[in-house]
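Q: Dropping the structure in here first, questions after.
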Amino acid sequence: MKQALVYAVITALVSLTYAGALLVVDGLAAGFVSSRSPVFPIAFVLFALATVVPLRDRVQRAVDRLFYRGRVDYKGTVARASERMTTLLDRDAIVQHLLTALREVLFIEGATLWEREDDALVRRGGSAGVRRIPAGEPGLAVFEARGGVLSRDEAEESARLWRQRDALRALFDALGATLLVPLLRQGRPAGLLAVGGKASGRPFSADDMDVLGTLANQTAIALANAAALEELREAQESLARAERLAAVGELSAAVAHGIRNPLAGIRLAAQLALEHTAPESPVHENLQDVLLEVDKLEAHVRGILDFTRPFEPRVEPTHLPALIEGLLRTLAPRLDAGGVTVELDVPADLPLVRADPTHLGQALQELVVNAMEATGAGG
């Protein structure tokens, strides 16, 4: 009724406009063309044919669009949406483009896209109340097992779905949807498109469902491409970080090797001087401090070199008492210099442990050295 009234009003306006134009043209042509000449009628007919029919079509399309009753160019809609999606590389942009096409071309009120991530469906865009749906949701399992587009009316009225009716009803309510369209990727469920009602209030036609299914699958492919591109970018960034770390490691190793040779010379000179210095001399204590600091620097250098080397542990049965005794023999000069006494209490029947002797020894050495530095002299 409302649409017919709008048509009538616009038709009246167009008629009045043409009538006024006819009077104006007739008045202008009176001084140039004889009223009996056939030129004026022929010219007017040609003018009307050139303008009336296109204007009528424009008015009809505008009124149809106003009342959401226009004929949708399904092929054109799919082609344009697919072409645009091939140029989009961001997931949010892809989803936004789909939702805009559904709203402006198919006149759908509200739609949300849900993409499968691990053990749940995650919402992409839209205004649904929930953001995640567990993959084990009963209604979702029924929908994915069934396959194909499913409407709320079919879920309520189908005799084949009467056992799952409550679960499907809960799913439709949670999504605020009238129609559910599966997203398939290589034949497997990758999510779903939850579609609200049409703005006109009319039911979805078979063409509507076909174009929605096609757009959903195109979207699934576009999202998969975007995800693959995102993973590729992350891999490239990780590779770039690894290359930078490798360069830093090479530089650190070169610096460490350059430091070790001067440290060896300092240690040798300090040890020789210490041997020729009386214990009661003030220089004796200073030389001991020099040797202690050299040991610290060497420990730092070893740590840098160990960090730059590839970590390849060699796990084997390890006798802890023998490992600890060897470590204490190595640290004996530093322990004596610091006046530190170590009390070792290791059970003789301790079983072998599977470990890398080298790395375990380094870890124990760091613990002993840190304890020495924390306790001070005579600890």
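All you need for the working numbering is the position in the sequence shown, starting with 1, plus 630.
Cβ atoms here follow ideal geometry from the backbone N, Cα and C, with glycine treated the same way.
Just so you know, these numbers come straight off a predicted model, no measurement behind them.
Throw me the rounded Cβ distance for the Leu958 and Leu974 pair, which I believe falls under 8 Å.
A: 7 Å
Q: Based on Cα-Cα distance, which residue from Leu845, Asp986, Asp979, Ala962 lies nearest to Met1002?
A: Ala962
Q: On the premise that Ala846 lies in contact with Leu823, defined as a C-beta separation below 8 Å, what is that separation, rounded to the nearest angstrom?
A: 5 Å
Q: By the three-class DSSP mapping on this structure, what secondary structure does Thr717 have?
A: DSSP places Thr717 in the coil class of the three-state scheme, outside both helix and strand.
Q: Tell me where the beta strand (DSSP E) around Thr948 begins and ends.
A: Thr948 -> beta strand (DSSP E) spans 946-948.
Q: Please classify Ser835 as buried or exposed, where buried requires at least 16 neighbouring CB atoms within 10 angstroms.
A: Exposed, because fewer than 16 other Cβ atoms sit within 10 Å of the Cβ of Ser835.
Q: Taking C-beta to C-beta, are Gly766 and Asp749 nearer than 9 Å?
A: yes
Q: Is it buried or exposed, Asp838, if we count other Cβ atoms within 10 angstroms and call 16 or more buried?
A: Asp838 is buried by the Cβ-count criterion.
Q: Kindly indicate which residue of Leu917, Val920, Gly831 has the alpha-carbon position closest to the one of Phe737.
A: Gly831
Q: Give the straight-line distance between the Cα atoms of Leu902 and Thr960, rounded to the nearest whole angstrom.
A: 20 Å
Q: Three or more beta-carbon pairs under 8 Å between the segment 714-730 and the segment 784-791, yes or no?
A: Result no; under three Cβ-Cβ pairs closer than 8 Å.
Q: Keeping to the same chain, check which residues put their C-beta closer than 7 Å to that of Gly817; ignore five residues upstream and five downstream.
A: none
Q: Could you please give the first and the last residue of the uninterrupted beta strand (DSSP E) stretch that includes Val983?
A: 983-985
Q: Just to confirm my understanding: we take Ala1011, look at its own chain, exclude 5 residues before and 5 after, and list those with CB closer than 8 Å. What are they?
A: The structure shown does not extend to residue 1011, since the chain is modelled only from 631 to 1009, so the question has no answer here.
Q: First and last residue of the beta strand (DSSP E) that includes Arg970?
A: The sequence shown places Val at residue 970, rather than the Arg named in the question. Taken as a continuous stretch (DSSP letters only), Val970 belongs to no beta strand (DSSP E), as it is neither H nor E.
Q: Identify the continuous alpha helix (DSSP H) that holds Thr844 and give its terminal residues.
A: 836-905
Q: Would you tell me roughly how many angstroms separate the C-alpha atoms of Arg932 and Ala894, rounded to the nearest one?
A: 13 Å
Q: Using three-state DSSP, classify Leu728 as helix, strand or coil.
A: helix
Q: Where DSSP assigns a beta bridge to Ser911, which residues make up the other side?
A: DSSP output for Ser911 lists no bridge partner at all.
Q: Which partner residues of Leu751 appear in the DSSP bridge assignment?
A: Arg746, Ile763
Q: Does the beta-carbon of Arg984 have 16 or more other beta-carbons within 10 angstroms, so that it is buried, or is it exposed?
A: The residue is exposed, with fewer than 16 neighbouring Cβ atoms inside 10 Å.
Q: How long is the line joining the alpha carbons of Glu915 and Pro892, rounded to whole angstroms?
A: 22 Å
Q: In terms of DSSP beta bridges, what is Ala723 paired with?
A: In the DSSP output, where bridge partners are listed per residue, Ala723 has none listed.
Q: With distances taken from CA atoms, which of Val913, Gly827, Arg897 is nearest Asp925?
A: The shortest Cα separation from Asp925 among Val913, Gly827, Arg897 belongs to Arg897.
Q: Is it the case that the Cβ atoms of Ile889 and Leu921 are separated by a distance below 9 Å?
A: no
Q: According to DSSP, Ala811 sits in a beta bridge with which residue or residues?
A: Reading off the sequence shown, one finds Val at residue 811, where the question assumed Ala. BP columns for Val811 point to Leu823.
Q: Could you tell me which residues DSSP puts in a beta bridge with Ile738?
A: Lys828
Q: Tell me the DSSP secondary structure of Ser712 in three-state form.
A: helix
Q: Going by DSSP in three states, Arg959 sits in which element: helix, strand or coil?
A: Note: Arg959 maps to helix in three-state DSSP.
Q: Taking Asp783 as part of the alpha helix (DSSP H), name the residues at either end of that continuous run.
A: 782-787
Q: Is the beta carbon of Leu801 sitting closer than 9 Å to the one on Phe773?
A: Yes, Cβ-Cβ distance for Leu801 and Phe773 is below 9 Å.
Q: When DSSP builds the beta bridges, which residues end up paired with Arg818?
A: Arg815
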